[in-house]
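Residue numbers (this note's numbering): 37 to 217. Presented below is the structure to which this report refers.
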């Protein structure tokens, strides 16, 4: 039995793609669907974040939150704050802006902006000033990985087709397995 390698040249790959239009259209439709979903999710998230930022800038209620706990032994230190509105305590974790946060004693305060009707919707002053970061980067990354995934899958299908074609050239099926009439 001859040795077969998984090497396939580019012209054979494109011949396979052109000859299997249904597979090509399936590939295009699935990739388009994945990219569309990623862009839709990204757009929806960004739109909600912009709406929250605008609501807090226009009508946000200001209060102060006090730190009560911190985690300093991880790569990114986190400090936990709490504030009370209408006898309900709300908690928020923040990544410190400076490296000295883990040295500072607990009990420091940060300014918090919240929606009067729903204090769960809140941002710290630094988050509000930073604005809404664009999620387009995440969508483009998702598109890139979708393209890589489908290209790899399509390439593997082309290789298996090529190998089967080569095997059938050297070991044709007996006539009893072929539908000859």
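Even for Gly, the Cβ is constructed at its ideal location relative to N, Cα and C.
For residue i, is the classification buried or exposed, using 16 other Cβ atoms within 10 angstroms of its Cβ as the cut-off for buried?
i, result
"residue 76", "exposed"
"residue 37", "At residue 37 the pLDDT is 45, less than 50, meaning the model places this residue with poor confidence and gives no usable figure here."
"residue 158", "buried"
"residue 180", "exposed"
"residue 167", "exposed"
"residue 103", "buried"
"residue 198", "buried"
"residue 89", "buried"
"residue 161", "exposed"
"residue 143", "exposed"
"residue 108", "exposed"
"residue 117", "buried"
"residue 185", "exposed"
"residue 183", "exposed"
Would you list the one or two residues that DSSP bridges to residue i?
i, result
"residue 105", "116"
"residue 100", "147"
"residue 201", "Per DSSP, none; premise fails for residue 201."
"residue 121", "124"
Between residue i and residue j, how many whole angstroms is the CB-CB distance? I'm expecting something under 8 Å.
i, j, result
"residue 130", "residue 149", "With a Cβ gap of about 13 Å, residue 130 and residue 149 do not count as contacting."
"residue 100", "residue 146", "7 Å"
Legend entry - Sequence ranges, beta strand (DSSP E) only - wholly within the segment 126-160, length at least 3: 145-151 and 154-160
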